[in-house]
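Just so you know, the protein sequences line up as chains A and B, in that order. Numbering of the first sequence is given in our numbering, commencing with residue 1 and proceeding in unit increments. Numbering of the second sequence is given in our numbering, commencing with residue 1001 and proceeding in unit increments. Ideal Cβ placement from N, Cα and C applies to all residues, glycine included. Quick caveat: nothing in here was measured; it's all calculated off a predicted structure.
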Amino acid sequence: MDVKLRGTALREDDFRSGKVLAAEWRGKIDYRWDAGVAIGQFLNALKEGRLLGRKCHGCGRTTIPPRMFCEKCFRRSDEWVVLKDTGRVNTFSVSFVNWDASRRTTPQVPAVIEIDGASPGMGILHLIGDVGTTLEEVLAKVRVGLPVQAVWKPPEQRQGEITDILHFRPL
Amino acid sequence: MQKVAVLGAGMTRFVRRSLETGRELCWEAASAALEDAGLTLEDIDCVVLTSAPDAFDGVHMKTEYLLDGAGAKGKPMVRPYVGGGSGVMAANAGWYHVASGRFRTCLVVAEERMSPTQPHPQGAFNAIYDQFTERPLGVNLLWIFSLEMMRYMQVYDIPLETIAKVAVKNKRNALGHPASQLGAELTVEEVLKSEVMAYPVMRLMVSPVTDGAVALVLANEKFARRKGRKHVWVEGVGWALDTSYWTNRDLCYPEYVEKAALAAYKMAGITNPREEIHVAEPYDPFAYKELHHLEGLQLADKGQAPRLLEQGFWDRDTTTGIPASPSGGLLGVGNPIAAAALMKVAEIYWQLSGKAGERQVRRNVKRGLAQAWGDLMQVGTVIILGV
């Protein structure tokens, strides 16, 4: 590589201590979204303890999360289908990191869960709960293919949010 | 359609935190590429400039902020943006600007500064998740990678030890790269014993947070011939995006990479990529990703890239295999997102023109490819260069 290299690595200390001048700005922006047509109905059904999918008569797929159009056939989807609140673990992870890269002492177990009653491979992201507090414990209890069921909040506490399901638990 | 040549490349050091601002990094990379090509800014007809999410730098419409450093003042400039796939997409966009016949030359610049985000740039990624069905769960970026890696390992029965070997290989390759941030001689055990971040992802299997910029100069055949040097040509480009409903896809195989690669192979007249591609720079933000992408690129059968890794097929000094990430990749050189992918294109240019120095692969190379990937595991961008 007969190209002159440019660019200067800054020492973290020099940056933090103010030896190198820096500017700071805290952006504060709030958003509020209406849930839309498909997800609006989906969230409403969560309040009633039901998972809704959406069926397309073109390809025959029942999808979750539901959408009012089929991205495969590119046509309007046709009907609502009530799915079960059970499914199988498609894949999972044991996470010790928070959103800001700070560390957790007890892990979260996010998973893609294929929902029973939807077409094969149709999963949603959620958490698996009550499966241990160490990596070893979780790996002993959770595997790809594991049947699971939703653990719902009590009806009076449900808000029409994805967190109306607390987590999924092994069946 | 005009033939398009790569006339030069330049890059800055890849570092955790640069003293230079984004504009200054762009200037350093762009001016180095022009020097390498033996051109001045007057020779440049248009600029393609890219950078990944604006949120990293906290600057709205970041490429407008950067354009003075990238030589774009008063010129036609555009930002192609497909997340992590942007670096290769910028080279592809540079290609169509020139191939169309509308411009003789194009300066392609990719910049990323991840260091300004506080406390850590990972937070800026959370907005890629669905705001109704995913974000309320307390998401973080590592989730999607660890979920995809777990699925890949399960479906094809791949041991963690094998995936750790990608990190060992790429960080070792990066020792030969003068711009590298994380070149290192590591053992598989050290990788496996590093901190579990989101199992099966461990810290030494993850690319770092990096600042840096890279630039390329492209020109049409008539202009390139006038410069009278050994030419590296753009032979194929391809890109494709898959559905954003990522939980509805089987994450074990990147179909979007396959689609992008097949389009690029078709354009290049390649029918047997395993024979006709001699060196590859697959996108490797995580160790498993390199293997996953080599399969999507059709350079290995599904689930077989790990087996080939064990045989040394992807090593830089292979004489019978295909060297993969001879630069050291994102795992070794560093990962200033958009710039990292353009670094991969620059590496193929350096390899094909015999300018890769310590990193020069041992086998004779006439054609190579660079590939990038991005967003919710849904973007594939591919470019094929040849001499």
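With a threshold of 16 other beta carbon atoms within 10 Å, Met1089 (chain B) meets it and is buried.
Straight through space, the alpha carbons of Gly60 (chain A) and Ala1340 (chain B) are spaced by roughly 41 Å.
Interface annotation, Arg76 (chain A): not in contact with chain B, CB-CB separation never under 8 Å. Assignment of beta-bridge partners to Thr86 (chain A) by DSSP yields A:Gln149. Nearest Cα to Gly1374 (chain B) within the set B:Gly1094, B:Gly1238, B:Ala1052, B:Gly1328: B:Ala1052.
From the beta-carbon of Val97 (chain A), the residues of chain B found nearer than 7 Å are Asn1140, Leu1142, Met1197, Ala1198. Residue nearest to Tyr1245 (chain B) within the set B:Lys1062, B:Glu1134, B:Phe1313, B:Gln1002 is B:Glu1134 (criterion: CA-CA distance). According to the DSSP assignment, Pro1273 (chain B) belongs to the alpha helix (DSSP H) that extends over 1273-1276. In the three-state scheme derived from DSSP, where H, G and I count as helix and E and B as strand, Val1365 (chain B) is classed as coil. For the 8 Å CB-CB criterion, Leu1309 (chain B) and Ser1207 (chain B) do not form a contact. At least one CB of chain A lies nearer than 8 Å to the CB of Asn1126 (chain B). Excluding its 5 nearest sequence neighbours in each direction, Gln1311 (chain B) has no C-beta neighbour in its own chain below 7 Å. In the DSSP assignment, Phe168 (chain A) is bridged to A:Ile128, A:Ala150. When beta bridges are read from the DSSP output, Trp1233 (chain B) appears opposite B:Ala1005, B:Gly1386. With respect to the 8 Å criterion, Gly1328 (chain B) and Ser1180 (chain B) are classified as neighbours on the basis of their beta carbons.
With the rule of 3 Cβ pairs closer than 8 Å, the stretch 97-105 of chain A counts as touching the stretch 1130-1146 of chain B.
Residue-level contact by beta carbon fails for Leu166 (chain A) and chain B, as no gap is shorter than 8 Å. Boundaries of the alpha helix (DSSP H) harbouring Ala1268 (chain B): 1255-1268, taken from the DSSP string. DSSP places Ile1163 (chain B) in the uninterrupted alpha helix (DSSP H) bounded by 1160-1173. Not a single C-beta of chain A is nearer than 8 Å to the C-beta of Pro1285 (chain B).
Close to chain A, meaning a Cβ-Cβ distance shorter than 7 Å, are the following residues of the stretch 1146-1169 of chain B: Ser1146, Leu1147, Met1150, Arg1151, Gln1154.
For the pair Asn1126 (chain B) and Leu1385 (chain B), the Cα-to-Cα distance works out to about 35 Å. At least 8 Å separates the CB of Thr133 (chain A) from every CB of chain B.
Closest in C-alpha terms to Phe168 (chain A), from the list A:Arg158, A:Leu125, A:Leu135, comes A:Leu125. In the DSSP annotation of this structure, the continuous segment of the alpha helix (DSSP H) that includes Pro1306 (chain B) starts and ends at 1305-1310.
The beta carbon of Trp152 (chain A) lies closer than 8 Å to those of Gly49, Asp85, Arg158, Asp164, Ile165, Leu166 in the same chain, with the five residues before and after it left out.
Boundaries of the alpha helix (DSSP H) harbouring Ile39 (chain A): 37-47, taken from the DSSP string. In this structure Gly1084 (chain B) is in contact with Val1379 (chain B), their Cβ atoms being roughly 7 Å apart against a cut-off of 8 Å. The straight-line gap separating the alpha-carbon atoms of Val1098 (chain B) and Cys1106 (chain B) is approximately 7 Å. Distance from the CA atom of Leu1251 (chain B) to the CA atom of Met122 (chain A), rounded to whole angstroms, is 12 Å. Closer than 8 Å at the C-beta level to chain A, one finds these residues of the stretch 1231-1256 of chain B: Thr1243, Tyr1245, Thr1247, Asn1248, Arg1249, Asp1250, Leu1251.
Taking C-beta separations shorter than 8 Å and ignoring five residues to either side along the sequence, the partners of Arg1151 (chain B) in its chain run Asp1250, Leu1251, Cys1252, following chain order. If only uninterrupted alpha helix (DSSP H) runs of at least 4 residues are considered, those enclosed by the stretch 1285-1336 of chain B are 1287-1296, 1305-1310, 1329-1332. Runs of alpha helix (DSSP H) with 4 or more residues, each lying fully within the stretch 1131-1156 of chain B, are found at 1141-1156, listed in chain order.
Counting other Cβ atoms within 10 Å of its Cβ, Ala22 (chain A) stays below 16 and is therefore classed as exposed. With a threshold of 8 Å between beta carbons, Leu1039 (chain B) makes no contact with chain A.
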